[in-house]
Structure formats: structure tokens, C-alpha cells
Amino acid sequence: MSHLYEEISAALQRGKQNDVKALVEQAIAEGLPAEEILNRGLLAGMDVISKQFQENEVYVPEVLVAARAMNAGTALLKPLLAEAGAKAVGKVLIGTVKGDLHDIGKNLVRLMLEGKGLEAIDLGVDVSAEQFLAAHKEHKADAVALSALLTTTMQEMKNIIGAFEEAGCRDEVIFLVGGAPISESFKQTVGADIYTPDAASAAEECKKAILARK
Ligand code: B1M
């Protein structure tokens, strides 16, 4: 295995954004596969930080700089994960729900959607039901992808889907939900269409569902 993966993971854990960027660039230049750089380098490092955070070995500031380094690294992989010359097969609104600032998983889902040739309109973090609805009215999306990482914010998914119902446009879109506390049974309680545990399968299922409707 390339030692570069370990170096990327270690630099990410230390929150060294510039080192992460330089190492990812080096890995790309050496021809290492983008999926491996993501999984064995960046995500492996984020995994270590997540466990340390859970065990109170590191705190918010350390996690924040690691998260910034992660996002900087994944941005470099974007062109490599995208299907070359793919024509957009559909439009997906994506965002982290109101009250929630976690964006790494959401950014990965966006990356994978784009990799599948879908157009992703990223509304960012802390996105309210009204903002999702306004964006749908403007863009006429095929799907809406909601991410939540907190047990306190996951309920917001129900409000968002409810707002689309009230506005009479629930059936115009496919709702995808995901994030660490989300499950298949939670998906059913909020009335969403698709739950997947990871970003790659979210993009896969989203594309399938959009194509099935066309
Ligand atoms: Co936060 N945080 N955090 N945090 N944070 C968690 C989520 C927590 C589990 C840590 C813990 O164990 N204590 C905990 C939540 C507890 C709970 O709700 N039960 C927690 C807490 C408590 C908090 C604060 C309240 C801490 C505080 O301030 N005291 C605060 C809340 C801020 C807010 O949002 N309002 C907070 C803040 C932060 C930071 C800002 C420091 C930082 C976020 C930085 C950023 O995102 N830019 C942060 C981080 C990084 C984490 C952990 C360590 C890592 C999350 C992450 O990015 N993982 C996290 C611990 C953990 O999850 N184990 C934690 C990597 C990422 C790739 O995974 O996002 O799960 P994830 O995405 C996965 C899947 O879930 C899935 O795909 C990805 C894999 O392919 N997925 C989808 C995600 N979205 C999807 C959507 C889909 C489909 C799949 O379809 C649409």
C-alpha cells in the first residue's frame, strides 16, 4: 500500500490543510485512484478524529481544522470522481438541515452525485424548510437530498417534507435522507423515499430512482 495514504490521514488528523492538499496532489500525480485517496487517506483520517472526539481525546477546534482539511482534500478529487463528459441526468438539491453545521458527509454525497452525472445544487448547511422549498420552485429539482448529523436536528427532515406536502409539490421530488443518526425506520417515520448509509450508495440509488421516473 502506498505510504501516501497514511501521510494524508496523519496530516488530516493534525488539521494541516496545506499538507493535505499537497499530499493529495502528489497522490493524484502518482496516479493513485481517487476512490482510494478518499477512502484510505482522507476518510481513514476523519475516522480516527471522529473516534477521538467521541472519547473526549480531542475537542471542537481540532475537529474543525480536520474537517476543513478534509473538505480541501475532497475538492481536489472532484474532477477525478466525475464521469467524463457525462450529461446531467437530473437535478438534485442538497443541504444539511436547519440547526446542523456538519457538512463533510453532505459534501461527499454531492461529490458522488456529480460523479454519477447528476447536477447537484448545494444549499450548504443550516438550511430551512422554506429555503429548500424556494430552491425547488426556482430550479425544479428531481430530488432533494437531506443530511443530518445530530439527533436534535434530524427531526427537521419531517418539517421539510411536510412543507413540500403543504405546498402541493411533495410528489414532484424524490426525498433522500442520510447522516449518522438516520436509519431505514427513521426514513419511514419522516416519509422520505430513500435512505442509504453512505454517500456512494446515495448517489447510485438517487440516479436509479430519477431514471425510473423519466
Ligand atoms: Co459534531 N457531533 N458537533 N462536529 N461531529 C457528532 C455528529 C457527534 C456524534 C460527536 C460525538 O460523538 N459527540 C455528536 C452528535 C451527538 C448526537 O447528536 N447524538 C456531535 C456534537 C454533539 C456536536 C456539537 C453539538 C458539539 C459542541 O459544540 N459541543 C456541535 C454541533 C454544531 C452544529 O451542527 N450545530 C458539533 C460541531 C462539530 C464540528 C463543527 C467541530 C465538526 C463539523 C465540521 C464540518 O462538518 N465542517 C464536527 C464533526 C466533524 C463531528 C464528527 C466527529 C465527525 C462527523 C463527520 O464529518 N464524519 C461526529 C462524530 C461521528 O459522526 N462519529 C460529530 C465523517 C463523514 C464522512 O461522515 O457525516 O456521517 P458522515 O457522513 C457519512 C454518512 O452518514 C453518510 O455518508 C457519509 C459516508 O459516506 N451520509 C449520507 C451523510 N449524509 C448523507 C446524506 C444521504 C446519504 C448518506 O442522503 C441524502
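Numbering (the working numbering), first residue to last: 193 to 406. Ideal Cβ positions, reconstructed from N, Cα and C, are used throughout, including at glycine. These numbers come from a predicted model, not from an experiment.
For residue i, report the span of its alpha helix (DSSP H) as first-last.
i	result
V242	The sequence given here has Ser at residue 242, not Val. Here the alpha helix (DSSP H) through S242 covers A236 to Q246.
G383	Run containing G383: none; DSSP gives neither H nor E here.
A264	V252 to L273
S201	H195 to Q205
V301	I296 to G307
I352	E348 to E358
E322	A321 to H331
Indicate, with yes or no, if ligand 1 has a heavy atom lying under 7 Å from the CB of residue i.
i	result
I366	no
T266	no
T388	yes
G233	no
Q246	yes
G309	no
L415	Since the first residue shown for the chain is 193 and the last is 406, residue 415 is missing from the structure and cannot be characterised.
I241	yes
V382	no
K298	yes
Report the three-state DSSP secondary structure of residue i (helix, strand or coil).
i	result
T388	coil
G370	strand
S393	helix
A339	This sequence places Ser at residue 339; Ala is not what is there. Residue state, collapsed to three classes: strand.
E249	coil
Hey, is residue i close to ligand 2, as in C-beta under 7 Å from one of its heavy atoms?
i	result
S339	Within the structure as shown, ligand 2 is missing, the only ligands being ligand 1.
By how many angstroms is the C-alpha of residue j removed from the C-alpha of residue i?
i	j	result
S201	L215	10 Å
V240	A401	34 Å
Determine the burial state of residue i: buried for a count of at least 16 other Cβ atoms within 10 Å of its Cβ, exposed for fewer.
i	result
Y251	exposed
N299	buried
D295	buried
H331	exposed
Q205	buried
R232	buried
For residue i, report the span of its beta strand (DSSP E) as first-last.
i	result
K283	K283 to T288
A219	Segment Q209 to A221 is the alpha helix (DSSP H) holding A219; no beta strand (DSSP E) there.
A171	The question about residue 171 has no answer here: the residues shown for the chain are numbered 193 through 406.
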